[in-house]
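Colleague:
Residue numbers (our numbering): 248 to 457.
1) Roughly how far, in whole angstroms, is the beta-carbon of residue 426 from the beta-carbon of residue 401, given that I think they are within contact range, below 8 Å?
2) Taking 7 Å as the limit between beta carbons, can you name the residues of its chain near residue 309, skipping five residues before and five after?
3) From residue 286 to residue 304, what distance separates their C-alpha atoms?
4) For the candidate residues 326, 344, 327, 325, whose alpha-carbon lies nearest to that of residue 312?
5) Which ranges would you report for the alpha helix (DSSP H) in the segment 384-415 if only whole runs of at least 4 residues count?
6) Given that a residue counts as buried once 16 or more other Cβ atoms are within 10 Å of its Cβ, and exposed if not, what is residue 410?
7) Is it the case that the Cβ atoms of residue 423 and residue 408 are separated by a distance below 8 Å?
8) Looking only at C-alpha atoms, which of 405, 403, 299 sits nearest to residue 339?
9) Under the rule that 16 or more other beta-carbon atoms within 10 Å means buried, what is residue 269, buried or exposed?
10) Report the rounded CA-to-CA distance for residue 316 versus residue 389, giving the unit in angstroms.
11) For residue 319, does the three-state DSSP call read helix, strand or coil?
Given below as structure tokens:
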């Protein structure tokens with residue numbers, strides 16, 4: 248069994264090539280399950296950490312996700328990558344475990360670039376940059392769970408709109424809508440002169456939120 252590695256917006260995404268890994272797991276091959284875990288653990292942990300901002304909780308969710316995968320291994324499809332399913336399990340575990348929103352430890356640079364105009368281009372802007380990043384981090388924490396998940400999957404994990412929609416179990420138009428409203432909410436927190444117009448952003452609002 249091999250893997251395909253590709254990069255989206257600077258994030259490397261690993262996908263299983265068609266092969267017998269899931270089939271071997273379903274036959275009870277523990278070595279196959281270890282290979283399965285090692286292939287997808289980085290992406291699962293990254294999502295859990297991005298949502299919970301707690302390394303210990305993210306590690307616990309990582310373990311629980313793969314325990315779940317092994318328990319239901321007979322229901323896993325052999326013809327598609329299991330990664331979208333694993334990410335759905337991960338996000339569901341995260342939001343069932345955390346009782347309050349935790350703030351992001353590092354800025355989502357791709358997202359901030361889409362929101363903030365001409366930031367930190369001069370030394371005197373450094374302090375202002377930090378203040379704006381802090382505002383955006385708090386704003387991300389305050390987003391509704393579905394919008395926050397959309398931001399994490401699309402901007403932090405680098406999934407395409409179609410992939411993020413599959414993971415979130417919604418239509419692509421709904422995913423666009425969640426991103427549109429998330430960006431709108433975050434942009435409203437910025438000073439007017441710092442708001443960066445996003446080319447094509449109007450196209451994100453193609454569906455209403457469910």
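Here a beta-carbon is modelled for each residue, glycine too, at the ideal position from N, C-alpha and C. Bear in mind the structure is a predicted one, so any value in this text is a computation, not a measurement.
Modeller: Based on what the coordinates show:
1) Start at 1 with the first residue of the chain shown, and residue 426 comes out as number 179. Start at 1 with the first residue of the chain shown, and residue 401 comes out as number 154. Cβ atoms of residue 426 and residue 401 come within 8 Å of each other, at about 6 Å.
2) In the chain shown, the residue the question calls residue 309 occupies position 62. Same-chain partners within the cutoff: 288, 291, 292, 295.
3) Along the chain shown, read from residue 1 onward, the residue named residue 286 stands at position 39. Along the chain shown, read from residue 1 onward, the residue named residue 304 stands at position 57. Computed Cα separation, rounded: 21 Å.
4) Reading the chain shown from its first residue, position 65 is the one you call residue 312. Residue 312 has its Cα closest to that of 344, out of 326, 344, 327, 325.
5) With a minimum length of 4 residues, the continuous alpha helix (DSSP H) runs that stay inside the segment 384-415 are 392-398, 408-415.
6) Counted from its first residue, the chain shown places residue 410 at position 163. Residue 410 should be labelled buried.
7) Position 176 of the chain shown, counting from 1, holds the residue named residue 423. Position 161 of the chain shown, counting from 1, holds the residue named residue 408. Judged by their CB atoms, residue 423 and residue 408 are nearer to each other than the 8 Å cut-off.
8) Numbered from 1 along the chain shown, position 92 holds the residue referred to as residue 339. Nearest option by C-alpha distance: 299.
9) Stepping through the chain shown from its first residue, residue 269 is reached at position 22. So residue 269 ends up on the buried side.
10) Here residue 316 refers to the residue found at position 69 when the chain shown is read from its first residue. Here residue 389 refers to the residue found at position 142 when the chain shown is read from its first residue. Their backbone Cα atoms lie some 31 Å apart in a straight line.
11) Numbered from 1 along the chain shown, position 72 holds the residue referred to as residue 319. Reduced to three states, the DSSP call for residue 319 is coil.
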